[in-house]
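Student: Structure incoming, see below.
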Amino acid sequence: MTQRNNPCNDPVRLAAGIREEAEWACACLYRQHYPGIAAALLGRGASRAEAEEAFQESMVRLLLRVRDGDKAPVDNPGAYLRRTALNLFSRKREQPPTEELPGHEPADEDSLDFGNSAFDWGAFYEAFLGLTKTEQKILLLTFFNQMDDGQVAETMGYTNTGTVKVTRHRAMASLRERLGNNNAE
1 MTQRNNPCND
11 PVRLAAGIRE
21 EAEWACACLY
31 RQHYPGIAAA
41 LLGRGASRAE
51 AEEAFQESMV
61 RLLLRVRDGD
71 KAPVDNPGAY
81 LRRTALNLFS
91 RKREQPPTEE
101 LPGHEPADED
111 SLDFGNSAFD
121 WGAFYEAFLG
131 LTKTEQKILL
141 LTFFNQMDDG
151 QVAETMGYTN
161 TGTVKVTRHR
171 AMASLRERLG
181 NNNAE
């Protein structure tokens, strides 16, 4: 395939591919933007795992925003990915460290391997679609809308933030299981 016929080089075809949830479009976005975004995050003191996590989360937010036909369309996916990943990392660094519950083992530093060119974006997206609507909504409100547990509980009509925490934990565990990776969080 010549550079001219490559859909990754055509913004219109790439945008259509993203709207159609095409795996090739996700792969294009990854190849085009992950190296630069990871370098920017590493330059700000992120670990490789933190860079991968921020990029993964920004990809999920982009795909969900496009899929749901958000009122504010994403005209420049690369800029959206970069801004979202940098903001996620900055917010994470600003949060005070939390104490782990007794008997709880934190997740390993290595998360999904986005450095692996064989990463299956289609499988990730299918795993997300395999969650219940409630789990999807809680993940969207938490990560896409950047709501805290109290705001999510209020939006969902729950009286207890524990319901949000448990459901989010189960959703992430389900994603890890579906992807065959115990470090998806």
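So that you can map any letter, position 119 of the sequence shown is 119 in the numbering used here, and since no number is skipped, the others follow by simple counting. Glycine included, every Cβ here is placed at the ideal spot set by N, Cα and C.
#1: Kindly list the residues whose CB is nearer than 7 Å to the CB of residue 88, restricted to its own chain and excluding five residues on each side of it in sequence; keep chain order.
#2: Mind checking residue 35: buried by the 16 CB within 10 Å criterion, or exposed?
#3: Check each candidate in 134, 152, 138 and 126 and name the one with the smallest Cα separation from residue 179.
#4: By the three-class DSSP mapping on this structure, what secondary structure does residue 74 have?
#5: Going by DSSP in three states, residue 88 sits in which element: helix, strand or coil?
#6: Spatial neighbours of residue 165 within its chain, please: C-beta separation below 8 Å, excluding the five flanking residues on both sides.
#7: Taking only runs of the alpha helix (DSSP H) that begin and end inside the stretch 3-81, which ones reach a length of at least 4 residues, in chain order?
#8: Would you check if the stretch 131-144 and the stretch 156-174 touch, i.e. whether three or more CB-CB distances between them fall below 8 Å?
#9: According to DSSP, simplified to helix, strand and coil, what is residue 107?
#10: Evaluate residue 16 with the Cβ neighbour count: other Cβ atoms within 10 Å of its Cβ, from every protein chain shown; 16 or more gives buried, anything less gives exposed.
#11: Do residue 60 and residue 143 have their C-beta atoms within less than 9 Å of each other?
#12: So, helix, strand or coil for residue 147, using DSSP?
#13: Output the boundary residues of the alpha helix (DSSP H) element that contains residue 139.
#14: Looking only at C-alpha atoms, which of 26, 80, 10 and 14 sits nearest to residue 122?
#15: Buried or exposed for residue 44, going by 16 or more other Cβ atoms inside 10 Å?
#16: In chain order, what residues of the same chain have a beta carbon less than 8 Å from the beta carbon of residue 7, not counting five sequence neighbours either side?
#17: Name the residue from 156, 152, 47 and 80 whose alpha carbon lies nearest to the alpha carbon of residue 63.
#18: Helix, strand or coil for residue 125, going by three-state DSSP, please let me know.
Tutor: The answer reads as follows:
#1: Excluding positions up to five away in sequence, the list reads 54, 57 and 58.
#2: With fewer than 16 other Cβ atoms within 10 Å, it is exposed.
#3: Scanning 134, 152, 138 and 126 for the CA closest to the CA of residue 179 turns up 126.
#4: coil
#5: helix
#6: 149
#7: When DSSP assignments are scanned along the stretch 3-81, the uninterrupted stretches of alpha helix (DSSP H) that are 4 or more residues long and fall wholly within it turn out to be 11-19, 23-43 and 48-67.
#8: yes
#9: Model confidence at residue 107 stands at a pLDDT of 46, short of 50, so the residue's coordinates are unreliable; what they give is reported in the following sentence. Residue state, collapsed to three classes: coil.
#10: exposed
#11: Going by C-beta atoms, residue 60 is nearer than 9 Å to residue 143.
#12: coil
#13: 133-139
#14: 26
#15: exposed
#16: 13, 14, 17, 24, 25 and 28
#17: 80
#18: Correct three-state label for residue 125: helix.
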